[in-house]
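Position in the sequence shown (first residue = 1) + 15 = this note's numbering.
Cβ atoms here follow ideal geometry from the backbone N, Cα and C, with glycine treated the same way.
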Amino acid sequence: MMLHSAEKDIDEKAVGAVLKAAGVKADDARVKALVASLASVDIGEAMSQAIAAPAASAPAAAAGGSAAPAAEEAPAAEEEEDDDAGFEGLGSLFG
Numbered sequence: 016m017m018l019h020s021a022e023k024d025i026d027e028k029a030v031g032a033v034l035k036a037a038g039v040k041a042d043d044a045r046v047k048a049l050v051a052s053l054a055s056v057d058i059g060e061a062m063s064q065a066i067a068a069p070a071a072s073a074p075a076a077a078a079g080g081s082a083a084p085a086a087e088e089a090p091a092a093e094e095e096e097d098d099d100a101g102f103e104g105l106g107s108l109f110g
C-alpha cells in the first residue's frame, strides 16, 4: 500500500527495499510470489472497498435480530474472501 500510495512500481526490488527498511529479512521467493499475486490486483480499488466495508456492514448490524439481515450478511462474507485472494501472499511473506 505504501508503494501504491507513493505511486511507485510494485516490483521485487521495491518490495525488498521496503522490507529491508523495516528491518525484515524476507525470503526472495516469497517476495517474488507476493509481487506476482499483486500483479492482477487493482490496489486502489481494493483499498477503497476495505474502507467502505465497515460502513456498509453497520446498518445490517443495527437492523435487529430478524432472519433477513442474517441472509444479507452471508454474501458479504463471501465477498470479503474474494477481496483477500489478492493479498494471500502477504501473510506468507512474514511467516
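Beta-carbon proximity of residue i to residue j, cut-off 9 Å
| i | j | result |
| --- | --- | --- |
| residue 19 | residue 66 | no |
| residue 56 | residue 27 | no |
| residue 33 | residue 17 | yes |
Buried or exposed by the 16-neighbour rule on C-beta atoms within 10 Å, applied to residue i
| i | result |
| --- | --- |
| residue 30 | buried |
| residue 46 | buried |
Which of helix, strand or coil DSSP assigns to residue i
| i | result |
| --- | --- |
| residue 23 | coil |
| residue 36 | helix |
| residue 56 | coil |
| residue 62 | helix |
| residue 43 | helix |
| residue 17 | helix |
Residue i Cβ short of 8 Å to the ligand NAP heavy atom set
| i | result |
| --- | --- |
| residue 36 | Among the components modelled here there is no ligand, and therefore nothing to report on the ligand NAP. |
Closest Cα partner of residue i within the set the options
| i | options | result |
| --- | --- | --- |
| residue 54 | 16, 25, 17 and 21 | 25 |
C-beta neighbour in chain C for residue i, strict 9 Å
| i | result |
| --- | --- |
| residue 64 | Chain labels in this structure do not include chain C; a single protein chain is all it has. |
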